[in-house]
Amino acid sequence: MSDGEKQDMGTKMVAPADFSGPMDKRGCTDILCLLLIIVHWVAMTGLGAFAISEGDYKVVLHPMDVDGNVCGIQYGDKLDMSDYPNFYYINSYSTGVCVKTCPTVAAGIDITTFVGVGGVTGTNAGDYSAVEVNTAAYTDYSDNTSNFPTGYAFPVLDTVSYMNRCTLTTVASTALEAAITAANGQQMSEDEDGTLTKIYGDLYDSMNYILGFGFVIAMVVSFVYSFLLRIPGVLFLMIWGCIGTVFAMVAGIGAYAFTEAENWRTTEPGLSEHCSGATLTANDDGTVTASDCTEADALMYVSYVFFGIAAIWFLLICYLRSRIQLALAIVKEAAKSIAAMPLIILFPVMQCVGFVIFMVIWMIYAVYLASLGEPQETGICSDVTLITESLCTGDAIWIRYQDFVYNEDQTKMGWYLLFTYFWSSQFIIAVGQIVVAMCVAKWYFCREKSSISSGTVFQSIKDSLYYHTGTAAFGSLIIAIIKMIRAAIAYAQKKAKQSGSKVAQAVLCALQCYMWCMEKCMKFLNKNAYIQTAIFGTHFCASAKNAFFLILRNIARIGACTIVSEFVIIIGKMFICSVTGGCAYFLMDSAEELDLHYIYAPVTMVMILSWFVASMFMNIFGMAISTILQCFVADEEMFDSGTRFATSELASFIDSNGAPDEPNKGEDNTL
1 MSDGEKQDMG
11 TKMVAPADFS
21 GPMDKRGCTD
31 ILCLLLIIVH
41 WVAMTGLGAF
51 AISEGDYKVV
61 LHPMDVDGNV
71 CGIQYGDKLD
81 MSDYPNFYYI
91 NSYSTGVCVK
101 TCPTVAAGID
111 ITTFVGVGGV
121 TGTNAGDYSA
131 VEVNTAAYTD
141 YSDNTSNFPT
151 GYAFPVLDTV
161 SYMNRCTLTT
171 VASTALEAAI
181 TAANGQQMSE
191 DEDGTLTKIY
201 GDLYDSMNYI
211 LGFGFVIAMV
221 VSFVYSFLLR
231 IPGVLFLMIW
241 GCIGTVFAMV
251 AGIGAYAFTE
261 AENWRTTEPG
271 LSEHCSGATL
281 TANDDGTVTA
291 SDCTEADALM
301 YVSYVFFGIA
311 AIWFLLICYL
321 RSRIQLALAI
331 VKEAAKSIAA
341 MPLIILFPVM
351 QCVGFVIFMV
361 IWMIYAVYLA
371 SLGEPQETGI
381 CSDVTLITES
391 LCTGDAIWIR
401 YQDFVYNEDQ
411 TKMGWYLLFT
421 YFWSSQFIIA
431 VGQIVVAMCV
441 AKWYFCREKS
451 SISSGTVFQS
461 IKDSLYYHTG
471 TAAFGSLIIA
481 IIKMIRAAIA
491 YAQKKAKQSG
501 SKVAQAVLCA
511 LQCYMWCMEK
521 CMKFLNKNAY
531 IQTAIFGTHF
541 CASAKNAFFL
551 ILRNIARIGA
561 CTIVSEFVII
571 IGKMFICSVT
581 GGCAYFLMDS
591 AEELDLHYIY
601 APVTMVMILS
611 WFVASMFMNI
621 FGMAISTILQ
631 CFVADEEMFD
641 SGTRFATSEL
651 ASFIDSNGAP
661 DEPNKGEDNT
671 L
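Position 505, counted from 1, in the sequence shown is what the working numbering calls 505; the numbers after and before it change by one each time, with no gaps.
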């Protein structure tokens, strides 16, 4: 490490002149990146306009038959199928045909009308009595394909049109199931008593309860959890209980493996004579093999590994004990900051709305772009082990279908849209992180905490959007580039798998793992850089540099805070889901207006929705913890005792433990 790097790592922060919290006098940061993402969106709009003018969404959304005819429209030089909007599958081994209306069966004929490959109606169709129907043809592969590709293929069932595709009616589905059951004595599904129908009915009847508990009550429980964390002793017992549980589980697994290995050696006939470390003689039969010894030894080594992990965990916790106490105090402060600004929990909803708006536009462009491809006939063998038509012989059938082929320009446009998705989605996340960081930082550096309210959230949103969207664009661009590289590697992995090259697959897998690790590291650095920007108003590069060296100077504190915050977040998610689900169960169970067949179905939906709410809340909570930690370290380095902004609990920690070593205090790192 160079002297310059050592100097940066050891240099304490120096507060800007008249610093009293997140900078009031800010300037726009990383304007070039902001202009770049705007130009990128304009280019995406131009690409989308071109795709809309040249393509037709119906080509993608409407079904296409084996000859490339699109049901419901005339596609290129193909047949005009405007009068044939629906798609009907003739049998399990064909792509089906376009039909005017979905086939129905008149009363008395039941499920006995057969369809020929030549058409759905007319001379190629025939009617058979129910006696002549071979019901085994529903499930028997040979019977079903005996006349392929000519002749009668499959019985017609009552169908209805759904998204231009003919699907079975409930009556037809029941008749089909009865026919299969009569033919082979095996029930096709377990929904004989209409279980799924009852579940759907329960979900519909309890929709108000599901939405009310899944969103509103889950938010209330989230704030209750935040309140509980501030009660003296609760957080202490929770975290140290989790730490002790992890140690007990790891040590317990090691003890179990050790005991099993010892029992194996002492009870297996002859094992003690041939394996190292044995104490008994071989039994009469002496039936022991080398693999028995290897497995017993391997189990013993596994126990040693877990004992080692338990020992390392114990020593690590002992070393981080004081830092864990600091982390507990920081978590409490984070809970206080969120309680002071309750509307901050609604900001992720605003993010979701923005993301949905972007995705609607993006998907429209993507669908139209996908329609620009040229259909090309290809196929797949019913025996998936045979990959070419020439090899697809015997009972196997070559099933033809249409696949889209894209030229080089269209492929490049597709990659561009994918990159736009990565960059824009990460940009929305980055803006949210800056807003939350600014809210929490303003709370921390305010000496009159009572003056902080939900109005601070709106002020932070305004400042973040006006001054720091460029920084969000810069950080999200880095993540988008990494994700794009990972997408390219995934594409190469698919090609390597098709070619069967084991070496290429191994190399690409290693690259994918490396890029995954890089993405995680960059997301962590970006998050801390956004906090620096929120506090000091610096541009991305300066913020990332300051955040990086701040992390290095306080690596033990960061590690302890990470351990504590992960426990808090995991427990929080489980607490919110279980409490919300429990309340929903007892209230719906006692509600007289609800007559539910399976109460667990709506309760499960409540818990799924509450999990999403808990995840949003805990993401904010995790960002608040990281922000409080950085604010505390900056406060500790920039100010002397008595002038710090830290609350009494955090200030007492500094007084009792002392500030960290500062080897180069004479060299200022003015922000």
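Cβ atoms here follow ideal geometry from the backbone N, Cα and C, with glycine treated the same way. Note that this is a predicted model, so its numbers are computed, not measured.
Range covered by the beta strand (DSSP E) that runs through residue i
i, result
"Thr-159", "159-162"
"Arg-165", "165-168"
"Asn-546", "That residue, Asn-546, is in no beta strand (DSSP E); its alpha helix (DSSP H) goes 540-553."
"Asn-69", "Here Asn-69 belongs to no beta strand (DSSP E), and DSSP marks it neither H nor E."
"Tyr-88", "86-88"
"Cys-98", "97-99"
First through last residue of the alpha helix (DSSP H) which encompasses residue i
i, result
"Leu-34", "31-54"
"Cys-352", "347-370"
"Asn-208", "207-211"
"Val-431", "408-444"
"Tyr-751", "In the structure as shown, the chain begins at 1 and stops at 671. Residue 751 is therefore absent and cannot be evaluated."
"Pro-602", "600-638"
"Phe-645", "Where Phe-645 is concerned, there is no enclosing alpha helix (DSSP H), given that its DSSP letter is neither H nor E."
"Phe-458", "455-467"
"Ala-504", "502-536"
"Ala-338", "As written in the sequence, residue 338 is Ile, which differs from the Ala given in the question. It spans 321-340 - the alpha helix (DSSP H) in which Ile-338 sits, taken as one unbroken run."
"Phe-223", "218-229"
"Lys-58", "57-61"
Exposure label - residue i; buried when at least 16 CB within 10 Å
i, result
"Pro-85", "buried"
"Gln-74", "exposed"
"Ala-232", "Before going further, note that residue 232 is Pro rather than Ala in the sequence given. Result: exposed."
"Trp-415", "exposed"
"Lys-100", "exposed"
"Leu-417", "buried"
"Thr-469", "buried"
"Asp-30", "buried"
"Phe-306", "buried"
"Ile-429", "buried"
"Met-574", "exposed"
"Asn-407", "exposed"
"Glu-448", "exposed"
"Met-163", "exposed"
"Tyr-88", "buried"
"Leu-372", "buried"
"Gln-402", "buried"
"Tyr-304", "exposed"
"Ala-25", "The sequence given here has Lys at residue 25, not Ala. Exposed: under 16 other Cβ atoms inside 10 Å."
"Leu-596", "buried"
Contact belief for residue i with residue j at Cβ below 8 Å, rounded distance in angstroms
i, j, result
"Ile-452", "Ala-340", "5 Å"
"Val-331", "Val-14", "Wrong, their Cβ atoms sit about 28 Å apart, outside the cutoff."
"Val-60", "Ala-370", "5 Å"
"Tyr-467", "Gly-27", "7 Å"
"Ser-222", "Ile-576", "6 Å"
"Glu-519", "Ile-482", "5 Å"
"Ala-251", "Phe-653", "Wrong, their Cβ atoms sit about 30 Å apart, outside the cutoff."
Own chain partners of residue i with C-beta closer than 7 Å, once the 5 adjacent residues on each side are dropped
i, result
"Lys-336", "Arg-230"
"Ala-480", "Phe-419, Phe-422, Trp-423 and Gln-426"
"Asn-528", "Ala-547, Ile-551, Ser-626 and Gln-630"
"Thr-167", "Thr-159 and Val-160"
"Ala-624", "Ala-334, Ser-337, Ile-338, Val-436 and Val-440"
"Gly-559", "Leu-320"
"Leu-508", "Ile-489, Ala-492, Gln-493 and Ala-496"
Chain-order list of residues whose beta-carbon lies under 6 Å from that of residue i (same chain, five-residue window excluded)
i, result
"Thr-245", "none"
"Asp-18", "none"
"Cys-242", "Phe-567"
"Arg-672", "Residue numbering for the chain in the displayed model covers 1 to 671; residue 672 lies beyond these limits and cannot be assessed."
"Ala-43", "none"
"Gly-572", "Tyr-225 and Met-618"
"Ala-261", "Ala-296, Leu-299 and Met-300"
"Tyr-141", "Any reading at Tyr-141 must be qualified, since the residue scores a pLDDT of 39, below 50, and its modelled position is unreliable; no value is offered."
"Gly-68", "Lys-78, Pro-375 and Gln-402"
Cβ shell of residue i (< 8 Å), same chain only, five flanking positions each side left out
i, result
"Ser-648", "none"
"Phe-314", "Phe-247"
"Asp-193", "Reliability of the predicted coordinates at Asp-193 is poor, the pLDDT of 49 falling under 50, and the value obtained from them is presented with this limitation in mind. Same-chain partners within the cutoff: there are none."
"Gln-512", "Arg-486, Ile-489, Ala-490 and Gln-493"
"Ile-344", "Ile-338, Val-436, Cys-439, Ser-454, Val-457 and Ile-620"
Quiz item: Any chance the stretch 601-609 sits against the stretch 198-208, with 3 or more Cβ pairs inside 8 Å?
Solution: Yes, they touch.
Quiz item: Does the stretch 576-593 come close enough to the stretch 517-535 that 3 or more CB-CB pairs lie under 8 Å?
Solution: Counting Cβ pairs under 8 Å, fewer than three are found: no touch.
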